[in-house]
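Engineer:
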Amino acid sequence: MGSSWLSILFSSLRFPRTKLSLRDLLLAVVKRILPLIPPFWRLWVYKHRAKKAPYGSLDYAGCLKIFPSIWVKSHKRAHLEAESICLVRRHTSVPVPDVIDLVEDPTEGSWYMLMSELPGKKFSAVRDEVSTEEISYMGCQLRDWLQQLRAIPSPYGSSVCGVNHTGIVSYRWSERPQGPFASISELHRWMFRSFNSEELEEPEIRQAVSTLESESKPRALCFTHGDLFGWNVLAEDGKLTGIVDWECAAWLPDYWEYSAPHYPRGFVPENKWQHVVCAAMDNYDSEVNAEMQVWKRRSFCLGF
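Residue numbering for the sequence shown is 1 to 304, as defined by UniProt numbering.
(1) Comparing C-alpha positions only, which one of T132, S69, E186 sits nearest to R219?
(2) Return the first residue and the last residue of the alpha helix (DSSP H) that W273 is part of.
(3) By how many angstroms is the C-alpha of D144 removed from the C-alpha of L240?
(4) Verify whether the separation of the beta carbon atoms of G109 and K76 is less than 8 Å.
(5) Have a look at V45, P106, A208, H225 and flag the residue whose alpha-carbon is nearest the alpha-carbon of F67.
(6) Have a look at D128 and C140 and give me their C-alpha separation to the nearest angstrom.
(7) Please state the DSSP three-state secondary structure of S154.
(8) Which residue from L146, I243, F181, I205 puts its Cα closest to that of A290?
(9) Buried or exposed, going by whether 16 or more other CB atoms sit within 10 Å of the CB of V268?
(10) Closest to M138 by C-alpha separation, out of E202, A235, L36, S183, would be which residue?
(11) Could you check if M132 is buried or exposed, using at least 16 other CB atoms within 10 Å of its CB as the buried criterion?
(12) Would you identify the three-state DSSP class for I184, choosing helix, strand or coil?
(13) I'd like the list of long-range same chain contacts for A50, defined as Cβ closer than 7 Å, with 5 residues on each side in sequence excluded.
(14) Comparing alpha-carbon positions, which option in V276, E257, W295 lies nearest Y284?
(15) In chain order, what residues of the same chain lie with their CB nearer than 6 Å to the CB of S74, ignoring the 5 residues before and after it?
(16) For L87 versus I168, is the C-beta spacing smaller than 8 Å?
(17) Indicate the three-state DSSP secondary structure (helix, strand or coil) for K239 in the structure shown.
(18) Between which residues of its own chain and P203 is the CB-CB distance below 8 Å, once the five residues before and five after are set aside?
(19) Round the Cβ separation of I100 and K272 to the nearest angstrom and send it over; I've been treating them as touching at under 8 Å.
(20) Cutting at 6 Å between CB atoms, please list the residues of its own chain near residue 316, excluding the five before and the five after it.
(21) What do you reckon, are the CB atoms on L25 and V94 nearer than 8 Å?
(22) Output the distance between the C-alpha atoms of H165 and I184, rounded to the nearest integer angstrom.
(23) Identify every run of the alpha helix (DSSP H) within the region 112-142, keeping only runs that are complete inside it and at least 4 residues long; order them along the chain.
(24) In the DSSP output, what is W246 paired with across the bridge?
(25) How many Å lie between M292 and H275 at the Cα?
(26) Keeping to the same chain, check which residues put their C-beta closer than 8 Å to that of E213; ignore five residues upstream and five downstream.
(27) Ordered along the chain, which non-local residues of its own chain (more than five positions away) have a Cβ less than 6 Å from that of S158?
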């Protein structure tokens with residue numbers, strides 16, 4: 001399995017026609033050398049460095065900085081996140097981390113993903129410094145990136161699913177992967193699965209179902225980041241510099257990316273980031289309102 005994964009990672013390497021920087025050259029060399037080291041020793045080094053990482057090195061997307069310009073992330077679906085990142089790198093110019101290595105830890109049932117650092121800080125950390133003009137510019141940037149993502153073809157037909165036809169992860173609904181679903185309609189039925197017959201007859205719920213399943217507005221299936229909050233997008237000098245944390249990436253309904261930043265998770269308000277997303281995408285406010293009817297009654301993250 002290790003060799004196949006390394007071939008996937010190597011296929012995502014980009015060698016620009018311009019001269020490589022010293023940092024990029026070193027990262028490329030590291031990627032060539034790592035396959036020569038047994039996975040056991042690579043895993044030991046990553047875990048050891050993670051334990052020794054200084055306090056405060058935990059930054060974007062739950063990663064630890066273990067070497068200069070190199071971060072490590074560990075979770076049970078890190079191998080799927082790595083494949084999503086490689087997919088984005090192959091099909092788009094969206095700035096995402098470069099996956100340097102991926103090692104399975106069978107004792108923990110998890111994976112360790114090594115990746116390169118991107119410039120900038122979390123948008124949520126610098127939002128107070130962002131001007132109205134910069135929000136407009138960032139919206140144009142994000143629109144271009146999302147158009148590229150949404151054009152990534154799915155090899156799985158109408159299925160709502162992640163890479164390798166796996167289930168989807170959405171913290172708006174559950175911590176555990178759900179699906180895959182045969183269609184968008186099947187996903188919507190799952191969203192309303194716990195409503196009894198009386199609840200389904202409530203005007204607000206009937207309107208929500210009608211909005212999401214509207215025949216006058218056919219749903220498109222799009223490759224989607226799935227968790228596009230301000231803490232998963234990096235910015236610097238009035239520009240967006242990258243997107244991180246691809247754990248929730250999947251082929252999802254067209255409105256999904258728009259509704260995510262509107263989710264009331266109880267964190268610091270993301271108003272400015274919502275403005276960036278609204279500037280980047282078509283309007284899906286009616287779909288957000290429909291989802292809110294479910295969130296208010298059945299939201300996992302709000303404790304229902």
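Each residue gets a CB set at the ideal place from its N, CA and C atoms; glycine is no exception.
Structural biologist: Here's the rundown:
(1) Along the sequence shown, read from residue 1 onward, the residue named residue 219 stands at position 219. The shortest C-alpha separation from R219 is found at E186.
(2) Mapped onto the sequence shown, residue 273 falls at position 273. Taken as a continuous stretch (DSSP letters only), the alpha helix (DSSP H) holding W273 covers 271-280.
(3) Your numbering for residue 240 matches position 240 in the sequence shown. Your numbering for residue 144 matches position 144 in the sequence shown. A direct Cα-Cα distance of roughly 12 Å separates L240 from D144.
(4) For the purposes of this step, residue 109 is identified with residue 109 of the sequence shown, where counting begins at 1. For the purposes of this step, residue 76 is identified with residue 76 of the sequence shown, where counting begins at 1. Against a cut-off of 8 Å, the Cβ pair of K76 and G109 comes out as a contact.
(5) Residue 67 sits at position 67 when you count from the first residue of the sequence shown. For the residues V45, P106, A208, H225, the minimum Cα distance to F67 belongs to V45.
(6) Sequence index remark: in the sequence shown, residue 128 carries index 128 (1-based). Sequence index remark: in the sequence shown, residue 140 carries index 140 (1-based). Going by the C-alpha atoms only, they are around 19 Å apart.
(7) Position 154 of the sequence shown holds residue 154. Look at S154 here: in three-state DSSP terms it is coil, with no helix or strand label.
(8) Counted from its first residue, the sequence shown places residue 290 at position 290. Comparing Cα positions, the closest option is I205.
(9) Translated into the one-based positions of the sequence shown, residue 268 becomes position 268. Its pLDDT being 46, under 50, V268 is placed unreliably in this model, and the coordinates cannot settle the point.
(10) Here residue 138 corresponds to residue number 138 of the sequence shown, with the count starting at 1. Measuring from the Cα of M138, the nearest candidate turns out to be A235.
(11) Within the sequence shown, numbered from 1, the residue matching residue 132 stands at position 132. Per the sequence shown, residue 132 should be read as Thr rather than Met. Burial call: exposed.
(12) What you label residue 184 is simply residue 184 of the sequence shown in a count that begins at 1. In the structure shown, I184 sits in a helix (DSSP, three-state: H, G or I).
(13) Sequence index remark: in the sequence shown, residue 50 carries index 50 (1-based). Shown here for A50: same chain residues with a beta carbon closer than 7 Å to its own, the five before and five after excluded, namely L64, I66, V72 in chain order.
(14) In the sequence shown, residue 284 corresponds to position 284, counting from 1. Here the closest residue by C-alpha is E257.
(15) Within the sequence shown, residue 74 is the residue found at index 74, counting from 1. Contacts found: S110, Y112.
(16) Along the sequence shown, read from residue 1 onward, the residue named residue 87 stands at position 87. Along the sequence shown, read from residue 1 onward, the residue named residue 168 stands at position 168. It is not a contact, given that the beta carbons lie outside the stated cut-off.
(17) Taking the sequence shown and counting its residues from 1, the one referred to as residue 239 is at position 239. Look at K239 here: in three-state DSSP terms it is strand.
(18) By one-based count along the sequence shown, residue 203 stands at place 203. So the list is empty, once near-sequence residues are dropped.
(19) For the purposes of this step, residue 100 is identified with residue 100 of the sequence shown, where counting begins at 1. For the purposes of this step, residue 272 is identified with residue 272 of the sequence shown, where counting begins at 1. The Cβ separation is near 32 Å, so there is no contact.
(20) Past the edges of the chain, shown from 1 to 304, lies residue 316, and the structure says nothing about it.
(21) For the purposes of this step, residue 25 is taken as residue 25 along the sequence shown, with counting starting at 1. For the purposes of this step, residue 94 is taken as residue 94 along the sequence shown, with counting starting at 1. Cβ atoms of L25 and V94: not closer than 8 Å.
(22) Residue 165 sits at position 165 when you count from the first residue of the sequence shown. Residue 184 sits at position 184 when you count from the first residue of the sequence shown. Distance between the alpha carbons of H165 and I184: 14 Å.
(23) Runs found: 123-126.
(24) Against the sequence shown, residue 246 aligns to sequence position 246. For W246, which the question treats as bridged, DSSP gives no partner whatsoever.
(25) Stepping through the sequence shown from its first residue, residue 292 is reached at position 292. Stepping through the sequence shown from its first residue, residue 275 is reached at position 275. In a straight line, the C-alpha of M292 is about 18 Å away from that of H275.
(26) Locating residue 213 in the sequence shown gives position 213, counting from the first residue. Here the set comprises S185, H188.
(27) Within the sequence shown, residue 158 is the residue found at index 158, counting from 1. The residues are S183.
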